[in-house]
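Number of protein chains: 2
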Amino acid sequence: MTAPSRRERLRTATVAEIKGGARRLLVDGGVEAVSLRAIARDMGMTAPAIYRYFPSLEALVGALAGDLYEELTALLEAARDGAGEDEVAQLLAMSRAFRAWSVTHPAEFGLIFGAPVPGVTTFVADCTHEDHPGARFGAVFVQPLVELWHRSPFPTPPAEVLERHLGGRLEPLRQSHGAVPMEVAWAFLSGWTRIYGLIAMEVFDQISWAMTDPEHLFELELTTFATQLDPTRPRPSTAGSDPGAGRG
Amino acid sequence: MTAPSRRERLRTATVAEIKGGARRLLVDGGVEAVSLRAIARDMGMTAPAIYRYFPSLEALVGALAGDLYEELTALLEAARDGAGEDEVAQLLAMSRAFRAWSVTHPAEFGLIFGAPVPGVTTFVADCTHEDHPGARFGAVFVQPLVELWHRSPFPTPPAEVLERHLGGRLEPLRQSHGAVPMEVAWAFLSGWTRIYGLIAMEVFDQISWAMTDPEHLFELELTTFATQLDPTRPRPSTAGSDPGAGRG
DNA sequence: CATTTGAGTGAACGCCGTTAACTATTGCAA
DNA sequence: TTGCAATAGTTAACGGCGTTCACTCAAATG
Chain A
0 MTAPSRRERL RTATVAEIKG GARRLLVDGG VEAVSLRAIA RDMGMTAPAI
50 YRYFPSLEAL VGALAGDLYE ELTALLEAAR DGAGEDEVAQ LLAMSRAFRA
100 WSVTHPAEFG LIFGAPVPGV TTFVADCTHE DHPGARFGAV FVQPLVELWH
150 RSPFPTPPAE VLERHLGGRL EPLRQSHGAV PMEVAWAFLS GWTRIYGLIA
200 MEVFDQISWA MTDPEHLFEL ELTTFATQLD PTRPRPSTAG SDPGAGRG
Chain B
0 MTAPSRRERL RTATVAEIKG GARRLLVDGG VEAVSLRAIA RDMGMTAPAI
50 YRYFPSLEAL VGALAGDLYE ELTALLEAAR DGAGEDEVAQ LLAMSRAFRA
100 WSVTHPAEFG LIFGAPVPGV TTFVADCTHE DHPGARFGAV FVQPLVELWH
150 RSPFPTPPAE VLERHLGGRL EPLRQSHGAV PMEVAWAFLS GWTRIYGLIA
200 MEVFDQISWA MTDPEHLFEL ELTTFATQLD PTRPRPSTAG SDPGAGRG
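Listed in order, the protein sequences are those of chains A and B.
The first sequence begins at 0 in numbering that gives the first Met the number 0 and counts up by one.
The second sequence begins at 0 in numbering that gives the first Met the number 0 and counts up by one.
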């Protein structure tokens, strides 16, 4: 483990600058606004120089997507670690952190959670099963669910129903997370579907025709989900649980 | 109401041909593959000629999105009309039809239900509240829910909880659908979130790292939702309700 | 029949990704 | 220290893109 040479330091700095410019363009104008020529212009370079660092624009977009996955995973882990010991509290904190990031980073959310983008698709396809960004991302949610299940099992549909609908179809999940109980897999898939669906609808502006302030619907879904996971929780009608309070 | 002139007939035919070419490109290569020059090439024309019919590429994409909304709405209405009198059966048929269309038309789904696309966004913004594509689309789901609610109310969270989370935030929905009971609004938003979320995850390939055959998870969610709407329904464990049977 | 309207063409401008040939600089080794 | 190889950058060019402009020609209109 020797110190990086001067050349290596310059190179990583340039790579970071290229990614930074790409992200700025992504935020300002969506993925279609990310262009090698614009990035190079902002850096005071010419476009072909970027080919010394990335083999194509698609590869650059894929690398950017990988960084976003890492950024988001770290954010969720921080939210989990700051939520105490209770697994349900951890899941709620992670869900809220995920929504907050998504709403404040719509372009980034669209890149990694929206319709497949050429560069991102190949980046995801090149990952091994365990290091698949979706798997690493899902692990943050699956882990507290597993621990909660072992500590105090939550209600689920009957085992034979789960077996018929999910049995034998969870191999990809097991390849990345080991032997996850079928009930936990169901709780994760069902819960994640609701969280993802609501956030995607909000970020993609698929809900504004029906309601305003989707955060409150999100909190309602969260409390419903939390109650399902832990029926001893205080009901959402308890005073002091008003969602959105204290968050602007 | 006079018969369309020869010129008008030719014009509508050309508009249809342009849209057809645009959709072919959309299906083959995603929205970024839709280009005026490629469309014109396929038609044996030059690109500037299309400006006689659409003011810009974005406007063409927006018009295409409008057609897709209409196509999908008609499909859902047909599914509803073919499902008999029971509202829950109608909702199930519509949900399955929606998923089937989405899975077989991923590019079209991404255009109208994915990250905002410039042309589509302005098209949606130009619609009046009642004719908003999302509203016309949502109406097909809201209507059976309203009728079911009046015929036999389904269980919901307590009224005060709904009031606190949704109260005063459903004006957009009421502007397009009239006085929808808050419980119905909740059931629609909650149910639609799960349907949309699961389908979007499947179409956007956000679930293949965890499981195969997402249709079975979709059917599990559907039966859960149906049981919530109508507790007298046969439980999902009843023989003969195996999801996916007869559709493989 | 004259005129206006509409449809379509070709050239051009400025973007874009990408490749090829070339230059200058850095780092390393004889 | 000198010489070589790797590295980082340049310019020029190709084809594709959306879009505009000036133009032609046929069709509808009076």
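From the three backbone atoms N, C-alpha and C, an ideal C-beta is built for every residue, glycine too.
Closer than 8 Å to the CB of residue 220 of chain B there is at least one CB belonging to chain A.
Within the same chain, and ignoring the five residues on either side of residue 98 of chain B in sequence, the residues whose Cβ sits closer than 7 Å to its Cβ are 198 and 217.
A straight-line Cα-Cα distance of about 16 Å links residue 40 of chain B and residue 15 of chain B. Taken in chain order, the members of the stretch 95-123 of chain A whose beta-carbon sits within less than 7 Å of a beta-carbon on chain B are 109, 112, 113, 114 and 115. Any Cβ of chain A closer than 8 Å to the Cβ of residue 212 of chain B would place that residue at the interface, and such an atom is present. The criterion of a C-beta distance shorter than 8 Å is not satisfied by residue 153 of chain A and residue 178 of chain A. Listed along chain A, the residues sitting closer than 8 Å to residue 203 of chain B by beta-carbon distance are 112, 113, 114 and 115. Annotation: residue 52 of chain B is outside any alpha helix (DSSP H) and is labelled neither H nor E by DSSP.
Counting only runs of at least 4 residues, the stretch 20-81 of chain A fully encloses the following alpha helix (DSSP H) elements, listed from N- to C-terminal order: 35-42 and 56-80. Taking C-alpha positions only, residue 162 of chain B is separated from residue 219 of chain A by approximately 11 Å. Closer than 8 Å to the CB of residue 172 of chain A there is at least one CB belonging to chain B. Contact with chain B is absent for residue 149 of chain A, since none of that chain's Cβ atoms lies less than 8 Å from the residue's Cβ. Residue burial is scored here from C-beta neighbours: residue 192 of chain A has at least 16 other C-beta atoms within 10 angstroms and is therefore classed as buried. The beta carbons of residue 33 of chain B and residue 105 of chain B sit no closer together than 8 Å. Residue environment: residue 56 of chain A is assigned as buried (16 or more neighbouring CB atoms within 10 Å of its CB, all protein chains considered). In the DSSP assignment, residue 174 of chain A falls within the alpha helix (DSSP H) that extends over 170-176. At a cut-off of 4 residues, the continuous stretches assigned as alpha helix (DSSP H) that sit fully inside the stretch 121-199 of chain A are 132-150, 158-165 and 170-176.
Contact check for residue 12 of chain B and residue 38 of chain B: beta-carbon distance about 15 Å, past the 8 Å limit, so the pair fails to qualify.
Per DSSP, residue 209 of chain A lies in no alpha helix (DSSP H) segment and is marked neither H nor E.
At a cut-off of 8 Å between C-beta atoms, residue 188 of chain A counts as an interface residue with respect to chain B.
In this structure, residue 170 of chain B lies away from residue 148 of chain B, with their beta-carbon atoms at least 8 Å apart.
Take residue 36 of chain A, set aside five residues on each side of it, and the residues of its chain with a beta-carbon closer than 8 Å to its own are 46, in chain order. Counting only the Cα atoms, residue 118 of chain A lies some 5 Å from residue 61 of chain A.
Listed along chain B are 210, 215, 216 and 219, each with a C-beta nearer than 8 Å to that of residue 165 of chain A. For the C-beta of residue 31 of chain B, the chain A residues within less than 7 Å are, from N- to C-terminus, 31.
Neighbourhood of residue 193 of chain A in chain B, by CB distance below 7 Å: 192, 193 and 196, in chain order. Only exposed fits residue 128 of chain A, as fewer than 16 other CB atoms lie within 10 angstroms of its CB.
The continuous alpha helix (DSSP H) containing residue 87 of chain A extends over residues 86-103. Taking a Cβ-Cβ cut-off of 9 Å, the neighbours of residue 169 of chain B in chain A comprise 209, 210 and 211, given in sequence order. The alpha-carbon of residue 92 of chain A is positioned some 15 Å away from that of residue 223 of chain A.
CA-to-CA, the gap between residue 90 of chain A and residue 229 of chain B works out to about 30 Å. Nearest C-alpha to residue 165 of chain B among A:209, A:66 and A:58: A:209. Residue 114 of chain B is positioned such that its CB atom lies closer than 8 Å to that of residue 113 of chain A.
Below the 8 Å Cβ cutoff, chain A contributes 208 and 209 as neighbours of residue 134 of chain B, in chain order. Here DSSP, grouped into helix, strand and coil, assigns residue 109 of chain A to helix. Taking 8 Å as the CB threshold, residue 199 of chain B lines the interface with chain A.
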